[in-house]
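Right, one structure below, let's go through it.
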Amino acid sequence: TEGTWHGIGITEGHVTSIVLVKNNLNGRLPSGLGRLPFLKTLEIPDNKISGFIPPEIKKLRDLEILRLNNNQLTGPIPSGLAMLRKLKYINLSENNLTGQIPNDLDRLTYLFDLYLHSNRLTGAIPDSLAKLEYLENLDLSFNHLTGSIPSELGNLVHLRTLYLYANKFNGRIPSTLVNLERAKGECLVNDNALYTRNTRLIQFLNANGREIWSEEQTIAPKNLKIIDAGPDSITLSWKCIPFVTSPGSYH
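The opening position of the sequence shown corresponds to residue 8 in my numbering, with each subsequent residue numbered one higher.
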């Protein structure tokens with residue numbers, strides 16, 4: 008019956024929404040979710056849900072909003088997520104998800120928001136993310152992502168926020184990221200191993216960042232040596248690496 012279940016929306020006899028925010032729920036997501044083909048909204052954030060995201064989620068072909076953030080989910084992001092072509096909003100942040108970001112998410116052509124921060128994701132940023140032409144917000148911060156930042160991300164004309172801080176990215180920051188200025192966007196790349204000599208990009212990163220981004224990069228020291236060792240301590244020496252844009256040395 009319509010309107011009789013807490014957090015469950017029913018339209019014409021079909022379950023179309025599940026919204027159970029901060030309900031102290033635990034256990035696992037049931038595979039039976041895949042038997043709700045008319046579901047448009049699945050929001051169960053801020054609970055204690057554990058285990059894998061069931062692969063049956065790929066059957067929710069009408070799903071537009073997926074919010075499972077701030078739970079205790081583990082395992083990979085389901086490979087079938089890209090089959091949900093109507094998705095506009097994904098938030099899987101603040102869990103314990105592992106593995107790589109699926110490389111076929113460019114099939115989600117209507118996606119506006121992708122939040123994957125505060126997990127344990129590894130690998131590189133898939134180039135396919137740069138094909139999400141309507142993407143406005145991308146947050147991959149606080150993971151274990153590696154490699155370089157795809158320059159194509161700077162060509163996303165609707166992108167307003169790009170959070171890549173607290174990962175293991177290295178190399179040169181693409182100069183294309185300065186294009187976020189057009190949408191008065193924000194780009195945070197702190198706590199990686201990145202650099203740039205592009206003056207305009209440096210000004211943009213310094214202007215919209217919460218901290219001086221160049222002071223929050225970690226570069227491995229050169230010529231690391233153990234020059235003294237005692238029973239309870241060691242003394243190390245290394246050659247400092249100077250900043251490429253300002254006086255001082257990297258941490």
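The beta-carbon is built from N, C-alpha and C at its ideal position, and this holds for glycine as well. Model, not experiment: these values are computed from the prediction.
Contact belief for residue i with residue j at Cβ below 8 Å, rounded distance in angstroms
| i | j | result |
| --- | --- | --- |
| residue 80 | residue 67 | Residue 80 to residue 67, Cβ: 17 Å. No contact. |
| residue 143 | residue 165 | 5 Å |
| residue 76 | residue 99 | 6 Å |
Bridge partners - residue i, DSSP secondary structure assignment
| i | result |
| --- | --- |
| residue 200 | 177 |
| residue 55 | 33 |
Distance between residue j and residue i (C-alpha atoms, nearest Å)
| i | j | result |
| --- | --- | --- |
| residue 212 | residue 16 | 43 Å |
| residue 69 | residue 18 | 14 Å |
| residue 153 | residue 208 | 21 Å |
| residue 244 | residue 224 | 20 Å |
| residue 64 | residue 49 | 10 Å |
| residue 132 | residue 43 | 32 Å |
| residue 157 | residue 147 | 13 Å |
| residue 91 | residue 237 | 60 Å |
| residue 182 | residue 159 | 10 Å |
| residue 172 | residue 201 | 10 Å |
| residue 267 | residue 20 | As shown, the chain starts at 8 and ends at 258. That puts residue 267 outside it, with no answer to give. |
| residue 113 | residue 120 | 13 Å |
| residue 215 | residue 199 | 17 Å |
Unbroken beta strand (DSSP E) run spanning residue i, endpoints
| i | result |
| --- | --- |
| residue 35 | 33 to 35 |
| residue 127 | 127 to 130 |
| residue 15 | 15 to 18 |
| residue 79 | 79 to 82 |
| residue 192 | No beta strand (DSSP E) contains residue 192, which DSSP labels as neither H nor E. |
| residue 72 | 72 to 74 |
Neighbourhood of residue i by C-beta distance below 6 Å, restricted to the same chain and skipping five residues each side
| i | result |
| --- | --- |
| residue 185 | 207, 208, 211 |
| residue 255 | Below a pLDDT of 50, predicted positions are generally treated as unreliable, and residue 255, at 40, falls in that range; the measurement from the model is reported next regardless. Hits under 6 Å: none found. |
Same chain, Cβ closer than 7 Å to residue i, five either side skipped, listed in chain order
| i | result |
| --- | --- |
| residue 38 | 61, 63 |
Residues near residue i by beta carbon distance below 8 Å, same chain, minus five either side
| i | result |
| --- | --- |
| residue 129 | 105, 106, 107, 150, 151, 152, 153 |
| residue 167 | 143, 144, 187, 190, 191, 192, 193 |
| residue 180 | 156, 196, 201, 202, 203, 205, 208, 212 |
Boundaries of the alpha helix (DSSP H) in which residue i is found, first to last residue
| i | result |
| --- | --- |
| residue 206 | 206 to 215 |
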